[in-house]
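Protein sequence lines, in the order shown, are assigned to chains H and W.
Okay, so the first sequence: first residue is 0 according to numbering that gives the first Met the number 0, each after it adds one.
Okay, so the second sequence: first residue is 0 according to numbering that gives the first Met the number 0, each after it adds one.
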Amino acid sequence: MPGSKSIIPFGPQHPVFPEPLQLRLVLEDEKVVEALPAIGYVHRGIEKLAEKKEYTQNIFLVERICGICSFMHALAYCQGIEMLMDVTVPDRARYLRVIWSELHRLHSHLLWLGLLADSFGFESLFMQSWRSREAVMDIMEATAGGRVIISTCIIGGVRRDISEELMAEVLKTVDVLERDLEIIRPVVFDDYSVKQRLVGTGRITSEQAYDLGSVGPVARACGIARDFRETGYAAYKEIKVTPVTETGGDAYARARVRIREMYQSIDIVRQAVRDIPAGDIAVPARGNPEGEVISRVEQPRGEVIYYIKGDGTKNLERLRVRTPTFANMAPLLTMLPGCELANVPVIVLSIDPCISCTER
Amino acid sequence: MSLMNTVAVSPDRLLQEVAGKYRQRYRFATMTCTDIGDGYDILYHFDKDYELCNLRLYLKKGEELPSISSIFFAALLVENEIKDLFSIPIRDLVIDYGGRFLLTEDAPVAPMGREGCSRAIDIRLQGAPEEEDK
């Protein structure tokens with residue numbers, strides 16, 4: 000009946016969702032009037048488990064919060080423990096941390112682009128972006144030994160160095176990636192079909208994005224110039240990062256931010272490879288962490304927050320992780336009302352959701 | 000090392016302090032809850048220009064926590080999470096999942112509490128023989 004409301008359980012298993020998430024959508028005809036998320040399908044109790052493991056073992060645990068930004072989870076955790084134990088990381092390790100962080104950002108954004116393209120049926124864009132992503136995965140494997148969870152970050156530095164020969168391979172990889180992006184960018188920025196599906200879809204204002212605590216590309220697509228790399232952790236003190244912003248506040252603006260951020264990551268990798276100093280890659284960290292600290296890192300989806308509390312023993316009293324997707328769920332609930340049902344997958348994918356991160 | 004920019008607040012002053020943060024254009028970052036035995040150590044983290052400001056609240060076990068979700072809508076998700084994982088009653092949530100945000104009916108109670116799971120998880124599969132049938 001026209002005007003009557005119906006409730007559609009969107010997910011948890013849905014062709015466009017790579018992970019289980021349910022949205023309870025209240026519809027009037029084809030229009031969404033209300034959306035409520037239901038999660039808990041992949042909750043693993045990682046924060047509780049972190050209290051049972053030794054603080055050194057937790058690095059491997061936090062890397063498994065999310066495969067896509069695993070290195071940055073380890074980085075945020077290690078930085079927090081290093082602050083508590085007053086450990087100064089060698090300069091070379093700070094640069095290596097930046098190189099692996101930006102490689103993760105590149106493969107994460109390319110993975111997201113493929114998923115977004117798939118959500119509106121652009122399969123050739125999906126295949127092209129995932130094909131390009133393989134080059135990043137290969138160089139990750141060459142430099143770290145693993146494609147996804149690389150386990151190179153340790154307390155006090157990094158576990159592995161990158162040789163001169165492999166640094167040259169890293170540069171070759173980002174050159175190839177840049178050439179690929181020159182093909183991908185005009186498709187995302189100018190293609191008629193892409194713009195038809197993305198422009199104006201899931202729009203929020205800058206004021207809403209700020210008030211709802213959105214982070215990462217979701218915030219920057221609303222003109223909020225906020226990127227935690229600006230604070231200068233790791234080697235971002237020497238390699239300056241200017242937040243990439245757009246003003247549209249819609250799915251198209253979020254896509255533009257991520258595409259432009261890939262170029263920025265390529266530049267950062269080149270700078271890091273050029274300027275990396277010689278020297279040690281780690282210093283020993285002795286003792287146990289005591290006190291409480293907050294460590295933050297800019298992941299591909301936005302800022303992650305680690306609260307770490309140690310009591311001087313090998314076990315932590317508390318480890319709390321606020322992931323970027325968790326912060327972007329409230330903005331998502333504001334984007335959905337008023338949209339057509341067919342645009343729900345596009346809007347959800349436009350925030351680049353990571354449910355493993357959200358639930359931990 | 001102790002947490003910088005942290006101010007203690009009592010439950011009855013909480014909403015006033017949080018409204019002050021909203022007026023000062025702070026963004027809600029998240030909350031952290033820790034079971035400290037006789038009560039809970041609850042931290043509210045707010046951010047402005049990359050600076051974190053924290054409110055620290057001590058809540059006795061069994062007491063109710065006022066929700067700040069009417070001031071910062073974004074807080075509703077983490078408040079529901081804390082309600083699930085610590086079994087803390089939270090009043091005036093703008094959307095209340097009733098303790099079923101993350102957990103299902105057969106999940107352990109207060110899994111993030113100090114004692115861990117206060118009720119054993121019944122992992123027996125549906126249709127499996129009862130203990131006495133074996």
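By construction, the Cβ of each residue, glycine as well, lies at the ideal position given by its N, Cα and C atoms.
Please report whether the beta-carbon of residue i lies at a distance below 9 Å from any beta-carbon of chain H.
i	result
residue 42(W)	yes
residue 77(W)	yes
residue 39(W)	no
residue 26(W)	yes
residue 102(W)	yes
residue 67(W)	no
residue 56(W)	no
residue 110(W)	yes
residue 86(W)	no
residue 89(W)	no
residue 7(W)	no
residue 18(W)	no
residue 2(W)	yes
residue 51(W)	yes
With distances taken from CA atoms, which of the options is nearest residue i?
i	options	result
residue 81(W)	66(W), 23(W), 46(W)	66(W)
residue 25(W)	84(W), 46(W), 111(W), 61(W)	46(W)
residue 178(H)	59(H), 213(H), 324(H), 128(H)	128(H)
residue 341(H)	29(H), 310(H), 3(H)	29(H)
residue 163(H)	141(H), 60(H), 349(H)	141(H)
residue 238(H)	98(H), 253(H), 246(H), 345(H)	98(H)
residue 66(H)	95(H), 228(H), 17(H), 275(H)	17(H)
residue 320(H)	76(W), 54(W), 31(W)	31(W)
residue 248(H)	138(H), 242(H), 218(H), 114(H)	218(H)
residue 332(H)	18(W), 114(W), 76(W)	76(W)
residue 269(H)	137(H), 147(H), 121(H), 173(H)	173(H)
residue 168(H)	107(H), 41(H), 134(H), 146(H)	134(H)
residue 35(H)	57(W), 5(W), 0(W), 94(W)	94(W)
residue 149(H)	31(H), 96(H), 322(H)	96(H)
Given a threshold of 16 other Cβ atoms within 10 Å of its Cβ, counted over all protein chains shown, does residue i qualify as buried or as exposed?
i	result
residue 193(H)	buried
residue 155(H)	buried
residue 23(W)	exposed
residue 358(H)	buried
residue 326(H)	buried
residue 336(H)	exposed
residue 103(W)	exposed
residue 160(H)	buried
residue 195(H)	exposed
residue 33(W)	buried
residue 111(W)	buried
residue 12(H)	exposed
residue 206(H)	exposed
From the DSSP output, which residues share a beta bridge with residue i?
i	result
residue 33(W)	40(W)
residue 65(W)	90(W)
residue 21(H)	37(H)
residue 152(H)	157(H)
residue 162(H)	Its beta-bridge partners do not exist; DSSP assigns none.
residue 238(H)	BP columns for residue 238(H) are empty, so no partner.
residue 194(H)	Partner(s): none; residue 194(H) has no beta bridge.
Quick one: Cα of residue i to Cα of residue j, how far?
i	j	result
residue 100(W)	residue 38(H)	7 Å
residue 189(H)	residue 197(H)	11 Å
residue 8(H)	residue 25(H)	9 Å
residue 157(H)	residue 3(W)	28 Å
residue 126(H)	residue 117(H)	9 Å
residue 282(H)	residue 288(H)	16 Å
residue 78(H)	residue 203(H)	33 Å
residue 63(H)	residue 153(H)	15 Å
residue 132(H)	residue 110(H)	7 Å
residue 45(H)	residue 52(H)	10 Å
residue 103(H)	residue 182(H)	21 Å
residue 72(H)	residue 59(H)	10 Å
residue 55(W)	residue 42(W)	5 Å
residue 299(H)	residue 60(W)	38 Å
residue 171(H)	residue 68(W)	49 Å
residue 185(H)	residue 256(H)	14 Å
residue 10(H)	residue 354(H)	13 Å
Establish whether the CB of residue i and some CB of chain W are separated by less than 9 Å.
i	result
residue 140(H)	no
residue 54(H)	no
residue 184(H)	no
residue 328(H)	yes
residue 335(H)	no
residue 365(H)	The displayed coordinates of chain H run from 0 to 359. Any statement about residue 365(H) would go beyond what the structure contains.
residue 115(H)	no
residue 306(H)	yes
residue 227(H)	yes
residue 22(H)	no
residue 312(H)	no
Would you say residue i faces chain A, with C-beta separation under 9 Å as the test?
i	result
residue 125(H)	This model lacks chain A altogether, as its protein chains are H and W.
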